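Peer 1: I have a structure here, written as structure tokens, and I will follow up with some questions on it.
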Amino acid sequence: MTNILEVKDLELSFHTFAGEVKAIRGVNFDLQKGETLAIVGESGSGKSVTTKSIMRLLPESSAEYKNGEILFEGRDLTKISEKDMQKIRGKDISMIFQDPMTSLNPTMTIGRQIMEPILKHQKLNKSAARKKTIELLNLVGIPNAENRYKMYPHQFSGGQRQRIVIAIALACNPKVLIADEPTTALDVTIQAQILELMKDIQKKTDTSIIFITHDLGVVANVADRVAVMYGGRIVEIGTVDEIFYNPQHPYTWGLLSSMPSMDLEDQKLYAIPGTPPDLLNPPKGDAFALRSEYAMKIDMERQPPFFKVSDTHYAATWLLHSQAPQVEPPALIIERMKTFKGSRYYVEQTGGTV
Amino acid sequence: MVKYIGKRIVYMFITLFLIATASFFLMQTLPGSPIASYNKLNDTQKAIVEKKYGIDKPKPVQYAIYMKNLAKGDLGTSFVFKGKSVNDLLATRLKPSLILGAQAMVFGTIVGILLGMLAALKHNTFWDYGSTFFAILGISIPSFVFASLLQYWIASEWHLLPVGLWNDGWKSSVLPSLALAMGPLALSARFIRTEMIEVLNSDYIMLAKAKGANGFEIAFKHAFRNALIPLITVLGPLAAGLVTGSLVVEQIFAIPGIGEQFVSSIMTNDHATIMGTTLLFSAFLIAVIFIVDILYGVIDPRIRVSGGKG
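If you read the protein sequences in the order shown, they are chains Y and U.
Okay, so the first sequence: first residue is 1 according to the numbering used here, each after it adds one.
Okay, so the second sequence: first residue is 1001 according to the numbering used here, each after it adds one.
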């Protein structure tokens, strides 16, 4: 597997009137060709900022890259000029935004909006670009594309608009597609359609996708690997199965416990107590320690490093340290771990299916 | 669309008719009469004059005659300017006012828009503060102050352009147009700046950036048209106000415009001229509002009037 994108020790701050907000505090991950990496976490955990920093879409007046690099095909995106970045945006890396109702220009026909990156990056003539636009509209499932491409965004429904935004993102066959909560603003049936569409397109084009969401149901549906973010850092990263069935970080436990489940009817839905940390004054130790019932003394003092769970699975929690006491995860998590081979709670199941 | 325009034109005529009726009767409530100041005339002579101008007839009859003539496009005869027809009077007086108003409008909005865009694109920098300062000056200082300053420095001290009057071709129009332009310039700059800043923070601008658009494309292709909508709303009344409200500036530069004409006609109770000028101003405003409504649709597809099939 080749890495198409590598984020190394990324640190980014916003300068505000209140002071320096350390929105990203050392993020590391890589993205392989053709895979879908989901980034999950609460609001304010830094997931959107991380992806916008890859695209360099943050306001230059207030956002500052403090440290680290973002390697795309060997080039460090934090170092290249704005002009070079413009050649990458929309061509090699493109983005789908959260709210389709506001992410299209209301005074421009959707055809022109889709055509714009094609004309800009692929140097096609108008009629070829038009043909490609209609193909894209067909690809994302907008019927009657020949007539509808002259229409304005307000003449489409929310789901259709998100399809159009996806068509714009796909216009130049990007190598990396960043989807920032692409289904959050849509209703459930349309969500499912959009997710199917994205999976379909990935199969056809072999694009790598970074999928940001706070909806774990969506993650299970689309992702190959999952990174859990908290307080501007990644706290756990692994394959979907590892994160869902053998989670190690107390924050991941909390997230999974607060997911409604069909099997447990009479359970009250769990909520993680407290609020995310204030990144104006980030906590010294583990950012989650103040909300965690598993916190130890060292969590308050030193930031935990990544501990290796398997070749693909890492978690930043002192609980994995060899001197840490054994703790019992919440009952719901133990239930999950029972089905995961390699977990200490694994129970051989009769019948063999998981 | 054609149906919509047709409907609007019918409404425009109805509006104009109502305005004509209202101002006709309102004017009659003014004390005095056009010939009240003619002290040298005796009663018989006054009666002759009244008969000549038709003001001896009962009011409803006068109204009917006036409306009949108005329908033919005849605004009547001035009482004061020795039997000149109001149509001729307005035609000669309107031209300078229209030229000044149009020049001030075009110059003011274009420079104002550029200034506003500069301020928005260089948000919170020297350019922004500079243009804001300039705009505040333009809004708070009345046009006659600019007029006097321009007149003093450019015309009287440096002799670059004529001090006043309307007899030196385009040169006569430069200073009064500049003085008049300050208002619309400042207003457009403020409107565009506020709106551009908001538009530049919107999601679709972020998407345009994510497509690889450069700064120029973002400002002019994506943001400008969306930022223009609120400005269009105020531009209509502003344009009408410029043509009709240039009275003070016209006075300062001694330009025989329509504003001056209007005031003097009221002073002398010149009924036909008051009516004629009022109707002209009203027609102008109605037309401008109509044009603005059409422009809305051109700029913003969401408020475009759907023709026929919906």
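Beta carbons are placed, not taken as given, at the ideal position from N, Cα and C, and that holds for glycine.
Keep in mind the model is a prediction, meaning the values are calculated, not measured.
#1: Output, in chain order, the set of chain U residues within a Cβ distance shorter than 9 Å of ARG161 (chain Y).
#2: So does the region 1282-1302 of chain U actually touch the region 1229-1245 of chain U, counting three or more Cβ pairs closer than 8 Å?
#3: Ordered along the chain, which non-local residues of its own chain (more than five positions away) have a Cβ less than 8 Å from that of GLY1073 (chain U)?
#4: Please classify THR51 (chain Y) as buried or exposed, where buried requires at least 16 other C-beta atoms within 10 Å of its C-beta.
#5: Is the region 1196-1204 of chain U touching the region 1214-1233 of chain U, taking contact as three or more C-beta pairs under 8 Å?
#6: Quick one: Cα of HIS313 (chain Y) to Cα of PRO250 (chain Y), how far?
#7: Measuring alpha carbon to alpha carbon, tell me which residue in U:LEU1242, U:THR1194, U:ALA1064 and U:VAL1292 is nearest PHE1025 (chain U).
#8: So, is ALA18 (chain Y) buried or exposed, given that buried needs 16 or more other C-beta atoms within 10 angstroms?
#9: Compute the Euclidean distance between the alpha carbons of LEU216 (chain Y) and LEU256 (chain Y), then round it to the nearest angstrom.
#10: At a CB-CB cut-off below 9 Å, which residues of chain U make contact with ASP206 (chain Y)?
#11: Can you name, in chain order, every residue of its own chain whose Cβ lies under 6 Å from the Cβ of THR1273 (chain U), other than the five neighbours on each side?
#12: Taking only beta-carbon positions, decide if PHE340 (chain Y) is within less than 8 Å of chain U.
#13: How would you list, in chain order, the residues of chain U whose beta-carbon sits under 7 Å from the beta-carbon of ASP99 (chain Y)?
#14: Do ALA1189 (chain U) and SER1131 (chain U) count as a contact pair if the criterion is CB distance below 8 Å?
#15: Just to confirm, does PRO1256 (chain U) get its C-beta within under 7 Å of one of the non-hydrogen atoms of the ligand SAH?
#16: Residues of the region 1217-1235 of chain U in Cβ contact with chain Y at a cutoff of 7 Å, in chain order, please.
#17: Quick one: which unbroken alpha helix (DSSP H) runs of 4-plus residues sit fully inside the region 1253-1286 of chain U? Chain order, please.
#18: Taking CB distances under 8 Å as the criterion, tell me whether ALA315 (chain Y) reaches chain U.
#19: Is it right to say LYS91 (chain Y) is buried, meaning 16 or more other beta carbons lie within 10 angstroms of its own, or is it exposed?
#20: Buried or exposed: which applies to GLY232 (chain Y), given that a residue is buried once 16 or more other Cβ atoms fall within 10 Å of its Cβ?
#21: Whole beta strand (DSSP E) runs in the region 288-335 of chain Y with 3 or more residues, listed along the chain?
#22: Thinking just about the alpha-carbon of each residue, which of U:GLY1116, U:PRO1256 and U:LEU1185 is nearest to the one in GLU1195 (chain U)?
#23: Along the chain, where does the alpha helix (DSSP H) that runs through MET356 (chain Y) open and close?
#24: For LYS1309 (chain U), which residues of its own chain have a beta-carbon under 8 Å away from its beta-carbon, when the five flanking residues on both sides are left out?
#25: When you check each C-beta in the region 138-163 of chain Y against every C-beta of chain U, which residues fall closer than 7 Å?
#26: Taking 6 Å as the limit between beta carbons, can you name the residues of its chain near PHE14 (chain Y), skipping five residues before and five after?
#27: Going by Cα to Cα distance, which pick from Y:ILE114, Y:LEU57 and Y:ILE234 is closest to VAL7 (chain Y)?
#28: If I'm right that ILE96 (chain Y) touches PRO182 (chain Y) with Cβ under 8 Å, what's the distance once you round it to whole angstroms?
#29: Suppose the cutoff is 7 Å on Cβ atoms and the five residues either side in sequence are ignored; what does the same chain contact list for GLY1083 (chain U) look like?
#30: If you measure from the beta carbon of MET1001 (chain U) to each beta carbon in chain Y, is any gap under 8 Å?
#31: Against LYS87 (chain Y), what residues of chain U qualify as contacts under a CB-to-CB distance less than 8 Å, listed in chain order?
#32: Measure how close the beta-carbons of LEU12 (chain Y) and LYS66 (chain Y) come, nearest whole angstrom, since I'm counting them as under 8 Å.
#33: CA-CA distance, TYR294 (chain Y) and ILE272 (chain Y)?
#34: Among all the DSSP beta bridges, which residues are the ones paired with GLU64 (chain Y)?
#35: Could you check what DSSP says for ARG233 (chain Y) in three-state terms: helix, strand or coil?
#36: So that I know if they touch, is there some Cβ in chain Y lying closer than 8 Å to that of MET1206 (chain U)?
Peer 2: Checking against the coordinates, here is how it stands:
#1: Result: empty, since nearest Cβ-Cβ is about 11 Å, beyond 9 Å.
#2: With a cut-off of 8 Å, the region 1229-1245 of chain U and the region 1282-1302 of chain U count as touching, because enough Cβ pairs lie within range.
#3: If we look at GLY1073 (chain U) and ignore the five residues flanking it on each side, its Cβ neighbours are ASN1087.
#4: Residue environment analysis places THR51 (chain Y) among the buried positions, since at least 16 neighbouring C-beta atoms fall within 10 angstroms of its C-beta.
#5: Touching, yes, given that three or more Cβ pairs across the two stretches are closer than 8 Å.
#6: In this structure, the straight-line span from the alpha carbon of HIS313 (chain Y) to that of PRO250 (chain Y) is close to 15 Å.
#7: PHE1025 (chain U) has its Cα closest to that of U:ALA1064, out of U:LEU1242, U:THR1194, U:ALA1064 and U:VAL1292.
#8: By the 10 Å Cβ count, ALA18 (chain Y) comes out exposed.
#9: Each residue's alpha carbon lies about 8 Å from the other.
#10: Under the 9 Å cutoff, chain U gives no residues; its nearest Cβ is about 21 Å from ASP206 (chain Y).
#11: Within its own chain, the residues whose Cβ lies closer than 6 Å to the Cβ of THR1273 (chain U), once the five positions on either side in sequence are excluded, are SER1078, VAL1086 and SER1265, listed in chain order.
#12: With a threshold of 8 Å between beta carbons, PHE340 (chain Y) makes no contact with chain U.
#13: Here the neighbours are ASP1203.
#14: Yes, they are a contact pair.
#15: Ligands in the displayed structure: none, and consequently the ligand SAH is not present.
#16: Answer in chain order: HIS1222, ARG1225 and ASN1226.
#17: List check, alpha helix (DSSP H) in window: 1258-1267.
#18: Closer than 8 Å: no.
#19: Answer is buried; the Cβ neighbour count reaches 16.
#20: Around the C-beta of GLY232 (chain Y), 16 or more other C-beta atoms lie within 10 Å, and the residue is accordingly described as buried.
#21: Counting only runs of 3 or more, we get nothing.
#22: Measuring C-alpha to C-alpha distances from GLU1195 (chain U) to each of U:GLY1116, U:PRO1256 and U:LEU1185 identifies U:GLY1116 as the nearest.
#23: It is not possible to answer for residue 356 (chain Y), since the shown part of chain Y is limited to 1 through 354.
#24: Below a pLDDT of 50, predicted positions are generally treated as unreliable, and LYS1309 (chain U), at 37, falls in that range; the measurement from the model is reported next regardless. Excluding sequence neighbours, LYS1309 (chain U) sits near nothing in its chain.
#25: Those residues of the region 138-163 of chain Y that come within reach of chain U (Cβ to Cβ, closer than 7 Å) are TYR152 and HIS154.
#26: Cβ neighbours of PHE14 (chain Y) beyond the five flanking positions: VAL21, ALA23, SER62 and ALA63.
#27: In terms of CA proximity to VAL7 (chain Y), Y:ILE234 leads the group Y:ILE114, Y:LEU57 and Y:ILE234.
#28: So it is a contact: roughly 5 Å between Cβ atoms.
#29: Around GLY1083 (chain U): THR1077.
#30: Chain Y, which has no Cβ nearer than 8 Å to the Cβ of MET1001 (chain U), makes this no.
#31: Taking a Cβ-Cβ cut-off of 8 Å, the neighbours of LYS87 (chain Y) in chain U comprise GLY1212, given in sequence order.
#32: Their Cβ separation, rounded to whole angstroms, is 6 Å, which keeps LEU12 (chain Y) and LYS66 (chain Y) in contact under 8 Å.
#33: Straight-line Cα distance between these residues: approximately 13 Å.
#34: In DSSP, GLU64 (chain Y) forms a bridge with Y:SER13.
#35: Correct three-state label for ARG233 (chain Y): strand.
#36: Interface flag for MET1206 (chain U) against chain Y is set, since a Cβ pair is found closer than 8 Å.
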